[in-house]
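Visitor: All letters in the sequence shown, in the order written, are residues 246 to 816 by this note's numbering.
The beta carbon of each residue, even a glycine, is placed where N, CA and C say it ideally should be.
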Amino acid sequence: MVNFQKNAERAQILDRMTGAGIAQATGGIAPTALINAWTDWALHFALSPGKQADLIDKAWRDASRLALGVQPESAMSADRRFAAAPWDDAPFRLMRDSFLASEEWWRAATTQTRGVAPQNEAMLSFMVRQMLDTVAPSNFIPLNPEVLARTRETGGSNFVEGALHAIEDATRAVQAKADAASETGDFRVGETMAATPGKVVARNRLMELIQYTPTTEKVHPEPVMIVPAWIMKYYILDLTPQESLVRYLVDQGFTVFMLSWRNPDADDRDCGMADYLDLGPRAALDAITAITGAERVHAAGYCLGGTLMAIAAAAMARDGDERLASLSLFAAQTDFTEAGELTLFITEGQVALLEDMMWRQGYLDSGQMAGAFTMLRSNDLFWTRMVRDYLLGERVSPNALMAWNADATRMPYAMHAQYLRWLFLENRLAHGRYEVDGRPVALNDLRIPVIGVGTETDHVAPWSSVYKFQRLTETQTTFILTNGGHNAGIVSRPDHPRRHYRIHTTEHDAPFVDAQSWMEQVPVRQGSWWPAWAKWLAARSTEPVTPPATGAPENGYPPLCDAPGTYVLQR
Numbered sequence: 246m247v248n249f250q251k252n253a254e255r256a257q258i259l260d261r262m263t264g265a266g267i268a269q270a271t272g273g274i275a276p277t278a279l280i281n282a283w284t285d286w287a288l289h290f291a292l293s294p295g296k297q298a299d300l301i302d303k304a305w306r307d308a309s310r311l312a313l314g315v316q317p318e319s320a321m322s323a324d325r326r327f328a329a330a331p332w333d334d335a336p337f338r339l340m341r342d343s344f345l346a347s348e349e350w351w352r353a354a355t356t357q358t359r360g361v362a363p364q365n366e367a368m369l370s371f372m373v374r375q376m377l378d379t380v381a382p383s384n385f386i387p388l389n390p391e392v393l394a395r396t397r398e399t400g401g402s403n404f405v406e407g408a409l410h411a412i413e414d415a416t417r418a419v420q421a422k423a424d425a426a427s428e429t430g431d432f433r434v435g436e437t438m439a440a441t442p443g444k445v446v447a448r449n450r451l452m453e454l455i456q457y458t459p460t461t462e463k464v465h466p467e468p469v470m471i472v473p474a475w476i477m478k479y480y481i482l483d484l485t486p487q488e489s490l491v492r493y494l495v496d497q498g499f500t501v502f503m504l505s506w507r508n509p510d511a512d513d514r515d516c517g518m519a520d521y522l523d524l525g526p527r528a529a530l531d532a533i534t535a536i537t538g539a540e541r542v543h544a545a546g547y548c549l550g551g552t553l554m555a556i557a558a559a560a561m562a563r564d565g566d567e568r569l570a571s572l573s574l575f576a577a578q579t580d581f582t583e584a585g586e587l588t589l590f591i592t593e594g595q596v597a598l599l600e601d602m603m604w605r606q607g608y609l610d611s612g613q614m615a616g617a618f619t620m621l622r623s624n625d626l627f628w629t630r631m632v633r634d635y636l637l638g639e640r641v642s643p644n645a646l647m648a649w650n651a652d653a654t655r656m657p658y659a660m661h662a663q664y665l666r667w668l669f670l671e672n673r674l675a676h677g678r679y680e681v682d683g684r685p686v687a688l689n690d691l692r693i694p695v696i697g698v699g700t701e702t703d704h705v706a707p708w709s710s711v712y713k714f715q716r717l718t719e720t721q722t723t724f725i726l727t728n729g730g731h732n733a734g735i736v737s738r739p740d741h742p743r744r745h746y747r748i749h750t751t752e753h754d755a756p757f758v759d760a761q762s763w764m765e766q767v768p769v770r771q772g773s774w775w776p777a778w779a780k781w782l783a784a785r786s787t788e789p790v791t792p793p794a795t796g797a798p799e800n801g802y803p804p805l806c807d808a809p810g811t812y813v814l815q816r
């Protein structure tokens, strides 16, 4: 019996080592998922003579229009790669139109084939688009009129500049692994970023808790606890003094606490979702109430931190813990049935491959995560940048958001595997099957007011998916939809000249309104959503009082060091 068990363990280790090797070779993409998607499409396409005939007709019509010098209808869509005027001149116009027509033909070929599973169709269409992006004429020096014109103007010095940019990028990538602090241009953590004054008042294996110094004579008695995602450094919410949600809240008379997650390594491989819950919001809430004496706390969570905070709030509601005054969720999903293009890579085979890769190294590396997000928007994040930086020899001056984005983190093996399986694959939270302390939790137990924020062009957490939290609760809910993406839409300082948002509150007994109808019915307001959220918090707070002391040594929470602390500096 013992020998059988050992043989089974050895077989499992061999399979995992094989999977890890495949993941290393493919960049974490499961070949089986691609093969399944292609096979599903190919078989159904072979049995669709009508669609084949339609595609032949489409190809003939496009070729005829191109031969006559007329732009095909399928090439009419705007594309930033070909927005410059030289693309309208011959022969570049023909190359552009031919490529766009081919791109549209392949989109038509890989979609709307009867019988193909929706996820297989989406995956195949996505991968075909990735392959087409690599052969776009804009990527090649002889075929790009902008690059040719710049070469003539500069005598070829644009290529010298491009080579220097490539060396600079490579050098920065190497240094980033060794430096203790984030640095991009003039942006430094603790100096020009993450610079709001405060103290670290608690620390455990996974997080430091920062209490920020008040700037007003009176503060609302209910402090604000912010739980950021551990897939990113917390200071996206304390970016620069002008772009800091933390500083804005402090100036509005709130006592603000922020969790700063530790950057895990191989020793943290077994840290799971339960550890992040216990050592994250649960530990922070205990510290905050002990330090401030507050009976109730406004909890806020961003992205994955919002999902975790929703789980914590549901567990508190189930257990009769009434320490939360409200719950705010920023670009955070609680129902993962329509979780955007990331779901293309969340299949059983894909998750198993990622598990094998993380099992060998103990974590998901920041470069592997960055690669996945870059692939989702390869046109904007890779090819356009390659042309601009390396072929045209141009360089966009780094901003604070770019500096923060370069300061990436890792994720432990156990936590990320559980997150992908329990939330993305099985959608346990939405179905009332997510367990905390051995018992399931449900968001419909919440009776505190909840506010959610979605962003219009979010590729990570689509706003229509974020909006679904309203369908899972039986309490008063408010939803804000702002323009911008997953990060830029949240970092929305009040003086930003190009911001707008929608906001509407739904009572617990009001009929459900779908996302698109909600968007059409709720009017647009100009400006940042920050003041609207601060007003929402203030309306659910009591009369201002004298600010609490920083830390509470008598309760076991002495100030440990100045903000931003030590964990945020870990590489």
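Is residue 488 buried or exposed, if buried means 16 or more other CB atoms sit within 10 Å of its CB?
Guide: Classification for residue 488: buried.
Visitor: Which word fits residue 370, buried or exposed, when buried means at least 16 other C-beta atoms lie within 10 angstroms of its C-beta?
Guide: So residue 370 ends up on the buried side.
Visitor: Could you name the residues of the same chain whose beta carbon sits closer than 6 Å to that of residue 787, not counting the 5 residues immediately before and after it, in chain order?
Guide: Excluding sequence neighbours, residue 787 sits near 466.
Visitor: Note down the Cα distance separating residue 527 from residue 638, rounded to an integer number of angstroms.
Guide: In a straight line, the C-alpha of residue 527 is about 50 Å away from that of residue 638.
Visitor: Just verifying my parser: in three-state terms, what is the DSSP assignment at residue 436?
Guide: Residue 436 falls in the coil class under three-state DSSP.
Visitor: Determine the extent of the alpha helix (DSSP H) in which residue 570 is found, giving its start and end residues.
Guide: No alpha helix (DSSP H) contains residue 570, which is instead part of the beta strand (DSSP E) from 569–575.
Visitor: Measuring CA to CA, which of 448, 702 and 485 is closest to residue 648?
Guide: That would be 485, whose Cα lies nearest to the Cα of residue 648.
Visitor: Report yes if the CB atom of residue 556 is closer than 8 Å to the CB atom of residue 711, and no otherwise.
Guide: No. Outside cutoff.
Visitor: Residue 262: which of 468, 598, 807 and 770 sits nearest, CA to CA?
Guide: It is 598 whose Cα lies nearest to the Cα of residue 262.
Visitor: If you pair each beta-carbon of the region 727–741 with each one of the region 757–768, do three or more pairs fall below 8 Å?
Guide: Touching, no, given that fewer than three Cβ pairs across the two stretches are closer than 8 Å.
Visitor: Using beta-carbon positions only, say whether residue 579 and residue 504 come within less than 8 Å of one another.
Guide: No. Outside cutoff.
Visitor: Given a cut-off of 8 Å, decide if residue 593 and residue 818 are closer than it, judged by their beta-carbon atoms.
Guide: Lying before the first or after the last residue shown, residue 818 is absent from the chain, which here runs from 246 to 816.
Visitor: On a Cα-Cα basis, can you pick out the residue from 478, 542, 520 and 516 that is closest to residue 502?
Guide: It is 542.
Visitor: To the nearest angstrom, report how far apart residue 306 and residue 755 are at their CA atoms.
Guide: The straight-line gap from Cα to Cα measures roughly 51 Å.
Visitor: Measure the C-alpha to C-alpha separation of residue 425 and residue 703 and round it to an integer number of angstroms.
Guide: With a pLDDT of only 41 at residue 425, under the threshold of 50, the placement of this residue in the model should not be trusted, and no figure is reported.
Visitor: Scan the region 753–791 and note each continuous alpha helix (DSSP H) run of 4 residues or more that stays entirely inside, going in chain order.
Guide: Listed in chain order, they are 760–766 and 775–784.
Visitor: Rounded to whole angstroms, what is the Cα-Cα separation between residue 801 and residue 499?
Guide: Near 23 Å, if we compare the C-alpha coordinates of residue 499 and residue 801.
Visitor: With DSSP as the reference, please indicate the residues paired to residue 448 in a beta bridge.
Guide: Paired residues: 453.
Visitor: When the Cα of residue 897 is compared with those of 706, 286 and 636, which residue comes out closest?
Guide: The chain is shown from 246 up to 816; residue 897 falls before or after that span and cannot be answered.
Visitor: Which term fits residue 225, buried or exposed, when burial requires 16 or more other beta carbons within 10 angstroms of its beta carbon?
Guide: This structure gives no information on residue 225, because the portion of the chain shown stretches from 246 to 816.
Visitor: Residue 446 and residue 811 look like a contact to me (Cβ under 8 Å); what is the Cβ gap, rounded to whole Å?
Guide: With 8 Å as the limit, residue 446 and residue 811 do not qualify as a contact, their Cβ atoms being about 13 Å apart.
Visitor: What separation, rounded to the nearest whole angstrom, lies between the Cα atoms of residue 558 and residue 814?
Guide: Their backbone Cα atoms lie some 29 Å apart in a straight line.
Visitor: So, helix, strand or coil for residue 543, using DSSP?
Guide: Strand.
Visitor: Which value, in whole angstroms, describes the spacing of the CA atoms of residue 471 and residue 573?
Guide: One C-alpha to the other measures close to 9 Å.
Visitor: For residue 546 and residue 553, I'd like the C-alpha separation in whole angstroms.
Guide: Their Cα atoms are separated by approximately 8 Å.
Visitor: Give every residue of the same chain whose Cβ lies closer than 7 Å to the Cβ of residue 459, excluding the five residues on either side of it in the sequence, and list them in chain order.
Guide: If we look at residue 459 and ignore the five residues flanking it on each side, its Cβ neighbours are 495, 500 and 792.
Visitor: Could you please give me the residues that DSSP links to residue 506 through a beta bridge?
Guide: Note: residue 506 sits in a beta bridge opposite 452.
Visitor: Can you tell me where the beta strand (DSSP E) holding residue 696 begins and where it ends?
Guide: 695–700 is the extent of the beta strand (DSSP E) around residue 696.
Visitor: Measure the alpha-carbon distance for residue 428 versus residue 347 and round it to whole angstroms.
Guide: Only weak support exists for where residue 428 lies, its pLDDT of 46 falling under 50; the value from the coordinates is given anyway. C-alpha separation (whole angstroms): 42 Å.
Visitor: With distance defined between alpha-carbon atoms, name the residue in 362, 641, 353 and 257 nearest to residue 192.
Guide: Because the chain spans 246 through 816 in this model, residue 192 falls outside it and cannot be assessed.
Visitor: Under 8 Å, Cβ to Cβ, is there at least one residue of chain D near residue 357?
Guide: The structure shown contains no chain D; it holds only a single protein chain.
Visitor: Round the Cβ separation of residue 476 and residue 656 to the nearest angstrom and send it over; I've been treating them as touching at under 8 Å.
Guide: Rounded, the Cβ-Cβ distance is 6 Å, consistent with contact.
Visitor: Taking Cβ to Cβ, would you say residue 698 is nearer than 8 Å to residue 576?
Guide: A contact, by the Cβ cut-off of 8 Å.
Visitor: Count the other CB atoms within 10 Å of the CB of residue 808; is the residue buried (16 or more) or exposed (fewer)?
Guide: By the 10 Å Cβ count, residue 808 comes out buried.
Visitor: Under DSSP, the beta strand (DSSP E) around residue 748 begins and ends at which residues?
Guide: Segment 745–751, the beta strand (DSSP E) holding residue 748.
Visitor: Would you kindly check if the distance between the Cβ of residue 571 and the Cβ of residue 685 is under 8 Å?
Guide: Result no, Cβ atoms of residue 685 and residue 571 do not sit closer than 8 Å.
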